[in-house]
Amino acid sequence: MASNNTSPIPVATFGKDPKVAEQVREKLLPDIEVVHCSLTLDSALAELPALCSGDTSVSPSSGLGTNAGASDSSSRKVPQAIFFGGGFTDDEYEQIVAAVQARAPGIHMVKVQKRDVLAAGSFGPNPDTIAKIYRKKMAALAAA
Numbered sequence: 006m007a008s009n010n011t012s013p014i015p016v017a018t019f020g021k022d023p024k025v026a027e028q029v030r031e032k033l034l035p036d037i038e039v040v041h042c043s044l045t046l047d048s049a050l051a052e053l054p055a056l057c058s059g060d061t062s063v064s065p066s067s068g069l070g071t072n073a074g075a076s077d078s079s080s081r082k083v084p085q086a087i088f089f090g091g092g093f094t095d096d097e098y099e100q101i102v103a104a105v106q107a108r109a110p111g112i113h114m115v116k117v118q119k120r121d122v123l124a125a126g127s128f129g130p131n132p133d134t135i136a137k138i139y140r141k142k143m144a145a146l147a148a149a
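Dropping the structure here:
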């Protein structure tokens, strides 16, 4: 994970709740930066494969993520991973993974589901718990 001397790791997210997405984004800083957030399957399929393959002309239709505030495509960042939040189905996950990996096979897929949050001792979509689980899963990827 990023230290004080390095840039944050850019990630994209796919989740259904914009409020939770924004709260989790804040909790992941400063070492993980959510650059793009997709809230629907259609937007994820349209935007994430292109962005993950390096097309920074893609701006998040959700208006969430630091790429949304970038004034031009040269200042937008390409995610190294996609974080999947709760509320998605296995079919949605598989569709997005297949679409992204077809264009950007090196992108890491990290998902946190309701059972992960419950196992961590929280009930409901707890942004603190979700951020901790994402950090733990990213650390495991970095160590692999």
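Numbering (my numbering), first residue to last: 6 to 149. Beta carbons: idealized from backbone N, C-alpha and C, even for Gly. Note that the structure is a prediction, hence the values are computed from the model and not measured.
*Output the distance between the C-alpha atoms of Leu150 and Thr11, rounded to the nearest integer angstrom.*
The structure shown does not extend to residue 150, since the chain is modelled only from 6 through 149, so no value can be given for it.
*Where do the ends of the alpha helix (DSSP H) carrying Thr134 lie?*
Pro132 to Ala148
*Within 10 angstroms of the Cβ of Val16, are there 16 or more other Cβ atoms? Answer buried if so, exposed if not.*
If you draw a 10 Å sphere on the C-beta of Val16, you find 16 or more other C-beta atoms in it, and that means buried.
*Assess, as a yes-or-no matter, whether the stretch 67 to 75 is touched by the stretch 88 to 96 under the definition of 3 or more beta carbon pairs within less than 8 Å.*
no
_Residues near Ala104 by beta carbon distance below 6 Å, same chain, minus five either side_ = Leu50 and Pro54
*asked:* Distance check for Pro132 and Ile112, CA to CA, integer angstroms please.
replied: 23 Å
_Can you tell me which residues form a DSSP beta bridge with Ala125?_
In the DSSP output, where bridge partners are listed per residue, Ala125 has none listed.
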